[in-house]
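A short write-up of the structure that comes next.
2 protein chains.
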Amino acid sequence: MLKLSKKAEYALMAAKYMALKNHSGFSTAKEISESYQIPYQLVAKVLQNLVKSDIAISAKGVNGGFSLSRKANTISLIDIIRAVETDFKIVDCMQVNSSSADCVHFDCCKIKDPLAEVQRKIDKVFTETTIAQIL
Amino acid sequence: MLKLSKKAEYALMAAKYMALKNHSGFSTAKEISESYQIPYQLVAKVLQNLVKSDIAISAKGVNGGFSLSRKANTISLIDIIRAVETDFKIVDCMQVNSSSADCVHFDCCKIKDPLAEVQRKIDKVFTETTIAQIL
DNA sequence: TACATAAAGGACTGATTTAGTCTGGTATTA
DNA sequence: TAATACCAGACTAAATCAGTCCTTTATGTA
């Protein structure tokens, strides 16, 4: 279906929220959850993923929260999406570790190589679009 | 996950098969199924979808089968994919009939408009690539 | 020091989607 | 009339996704 997951959507929304108030301290998961009507636990998890990928930084305790680790115009959509999704390929066999064990057609596939070019172009779209452009 | 469905994959493979032998009569579902190791019932269904979308024509009975209805370089990947998939949008709210009933954020969404541009670029990739290019 | 706040992280569940199968039908040719 | 091959819808099992629950760890403040 070529659809982004909710996690990816929420990650983009959270990134946008933080970008919009980047210079006024931390944003909490609760704050983002309530502002954008996103389930708290989900957005919390997504924010943790962003921290793991060094897109955001976090601070525990009172007055803690999350903040983007760098300027919005240096964070691409693909950075965000890769932080929360394991796969980002239009077909399974393009995953880094895929082999003939994953696909009966692996060694004789008729569309893999041509689709790799399509994949490259899609990656380009998400790589070239930054958080700054979705504000 | 932004992944194509198996139906879309099989549709592309079937289209490729037909394109490769376009001028030597019909290809049967069985033939394509066996050549490319695709479950027969699935590829049969996919081929029916292609017929419904006027991408392929069919003939019943002995010596029947399927054939592309026009030249491979006039059939884009998006034609094929739309023939077999109901949705082809990165987020639900971009579906033609979507409304605030489908998404709690519909009227206040922070990322819909920017993502529409991303969607447009992805559509462009699939529109500009034709079957002739995956042969 | 105690307490409130807030992130970290794992386990679990229910709903949805996907892939694939089964069955019966219709049309065509030899 | 028998074999071939498309047409069509219902159905099932497996996988994925979205969301929840619960416990732990860290930090600032009264």
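For the protein sequence lines, the chains are X and A, in the order given.
Count the first sequence with the numbering used here and you get residues 1 to 135, in order.
Count the second sequence with the numbering used here and you get residues 136 to 270, in order.
C-beta: ideal position from N, C-alpha, C; glycine also.
The structure presented is a predicted model; accordingly, all values stated were derived computationally and were not measured.
Query	Result
Please name the residues in the segment 83-105 of chain X whose beta-carbon is closer than 9 angstroms to at least one beta-carbon of chain A, in chain order.	Glu85, Thr86, Asp87, Phe88, Lys89, Ile90, Val91, Asp92, Val104 and His105
Which class does X/Leu77 belong to by DSSP, given the choice of helix, strand or coil?	helix
Taking only beta-carbon positions, decide if A/Val178 is within less than 8 angstroms of chain X.	no
Give the secondary structure of X/Ile57 by DSSP, where H, G and I count as helix, E and B as strand, and everything else as coil.	strand
If you drop the 5 nearest sequence neighbours on each side, which residues of the same chain put their C-beta closer than 8 angstroms to that of X/Val118?	Ile90
X/Ser27 bridges to which residues according to DSSP?	X/Phe66
Where X/Gly25 and X/Ile80 are concerned, what is the direct C-alpha to C-alpha distance, given to the nearest angstrom?	21 angstroms
Among the residues of its own chain, which have a CB less than 8 angstroms from the CB of A/Glu263, if the five just before and after it don't count?	Ser211
What whole-angstrom Cβ distance do X/Ile55 and X/Leu42 have, given they're in contact under 8 angstroms?	Not confirmed; about 17 angstroms, so no contact.
How long is the line joining the alpha carbons of X/Cys109 and X/Ala132, rounded to whole angstroms?	39 angstroms
Quick one: Cα of A/Ser234 to Cα of A/His158, how far?	46 angstroms
Which bits of chain X does A/Lys245 rub up against, with CB to CB less than 7 angstroms?	Met13, Lys16 and Tyr36
Once you ignore the five residues that flank A/Val181 on each side, which residues in its own chain have a CB closer than 7 angstroms to its CB?	Lys142, Tyr145, Ala146, Ala149 and Val219
By DSSP, does A/Thr265 sit in helix, in strand, or in coil?	strand
Tell me whether X/Lys21 sits in a helix, a strand or coil according to DSSP, three-state version.	coil
Consult DSSP for X/Glu117 and reduce its assignment to one of helix, strand or coil.	helix
For a cutoff of 8 angstroms on Cβ pairs, would you count X/Leu2 as touching chain A?	yes
How would you list, in chain order, the residues of chain X whose beta-carbon sits under 7 angstroms from the beta-carbon of A/Thr264?	Val118
Just the chain A side, please: which residues come within less than 8 angstroms of X/Lys121 by C-beta, in chain order?	Val260
In its own chain, which residues sit with a C-beta less than 8 angstroms from the C-beta of A/Cys238, not counting the 5 before and 5 after it?	Asp227, Cys228 and Cys244
Note down the Cα distance separating A/Thr221 from X/Asn73, rounded to an integer number of angstroms.	34 angstroms
By the 10 Å Cβ neighbour count, where 16 or more other Cβ atoms means buried, how is X/Val62 classified, buried or exposed?	exposed
Against A/Glu352, what residues of chain X qualify as contacts under a CB-to-CB distance less than 8 angstroms, listed in chain order?	Lying before the first or after the last residue shown, residue 352 of chain A is absent from chain A, which here runs from 136 to 270.
Which residues of chain A have a Cβ atom closer than 7 angstroms to the Cβ of X/Pro114, listed in chain order?	Gln268 and Ile269
Are X/Tyr17 and X/Ser27 closer than 8 angstroms when you measure CB to CB?	yes
Give the residues of chain A in contact with X/Ser5, contact being defined as C-beta atoms less than 9 angstroms apart.	Met136 and Leu137
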